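Undergrad: Below you'll find the structure I mean.
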Amino acid sequence: MHLTHISRRTFLIASASTVLLPLAREARAEAPLIAETDPAAQALGYRADATHVDKARFARYAAGQDCGNCTFYQGKSGDAAANCPLFGGKRVAAAGWCNGYNKKG
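Mapping of the sequence shown onto the working numbering: residues 1 to 105, in sequence order.
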């Protein structure tokens, strides 16, 4: 039987990789969709459907504004939902709106 010498450094790196790999896969999992009842969502007046925005309370809302065309929306065109840094990286609906809206472009 032939024994191969493995350095302590190689052993530690291989061990750490084995332990951390499942955690990395879990971290890539999709962020949850923010609920309208979430305190951050309520503070910014988030609505998953922009057509239901309280126009009396949020006078700056205008038809055609939605998360999908906001600079903070981190999804691609056509995505139904994507992460938003205003909500701690939680996902927002592309058709949604909040008072932090800032038009792309």
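Glycine included, C-beta positions come from ideal geometry on N, C-alpha and C. All of these numbers come straight from a predicted model, not from anything done at the bench.
#1: I'd like to know whether the C-beta atoms of D49 and A94 end up nearer to each other than 8 Å.
#2: By how many angstroms is the C-alpha of G89 removed from the C-alpha of F72?
#3: Within this structure, are the beta carbons of F58 and G45 separated by less than 8 Å?
#4: Please report the straight-line C-alpha distance between I34 and A43, rounded to a whole angstrom.
#5: Count the other CB atoms within 10 Å of the CB of R60; is the residue buried (16 or more) or exposed (fewer)?
#6: Quick check on the DSSP output: the beta strand (DSSP E) that includes A93 runs from which residue to which?
#7: How long is the line joining the alpha carbons of A56 and A31, rounded to whole angstroms?
#8: In the structure shown, what three-state DSSP assignment does A50 receive?
#9: Look at the alpha carbon of V92 and the alpha carbon of A81, and state the distance between them as a whole number of angstroms.
#10: By the DSSP assignment, the alpha helix (DSSP H) with A40 in it spans what residues?
#11: Quick one: using the 10 Å Cβ neighbour count with 16 as the cut-off for buried, is G78 buried or exposed?
TA: Per the coordinate set shown:
#1: Counted from its first residue, the sequence shown places residue 49 at position 49. Counted from its first residue, the sequence shown places residue 94 at position 94. Not closer than 8 Å, so no.
#2: Position 72 of the sequence shown, counting from 1, holds the residue named residue 72. Position 89 of the sequence shown, counting from 1, holds the residue named residue 89. Their Cα atoms are separated by approximately 10 Å.
#3: As a position in the sequence shown, residue 58 is number 58, starting the count at 1. As a position in the sequence shown, residue 45 is number 45, starting the count at 1. The answer is yes: Cβ separation under 8 Å.
#4: Within the sequence shown, residue 34 is the residue found at index 34, counting from 1. Within the sequence shown, residue 43 is the residue found at index 43, counting from 1. So the two alpha carbons sit approximately 13 Å from each other.
#5: Taking the first residue of the sequence shown as position 1, residue 60 is located at position 60. Exposed: under 16 other Cβ atoms inside 10 Å.
#6: Here residue 93 corresponds to residue number 93 of the sequence shown, with the count starting at 1. From DSSP, the beta strand (DSSP E) with A93 extends over 91 to 93.
#7: Sequence index remark: in the sequence shown, residue 56 carries index 56 (1-based). Sequence index remark: in the sequence shown, residue 31 carries index 31 (1-based). When rounded, the distance between both Cα atoms is 31 Å.
#8: Mapped onto the sequence shown, residue 50 falls at position 50. In this structure, A50 counts as helix in the three-state DSSP scheme.
#9: As a working note, residue 92 is residue 92 in the sequence shown. As a working note, residue 81 is residue 81 in the sequence shown. Computed Cα separation, rounded: 5 Å.
#10: For the purposes of this step, residue 40 is identified with residue 40 of the sequence shown, where counting begins at 1. That run of the alpha helix (DSSP H) goes 39 to 43.
#11: Taking the sequence shown and counting its residues from 1, one reaches residue 78 at position 78. Label assigned to G78: exposed.
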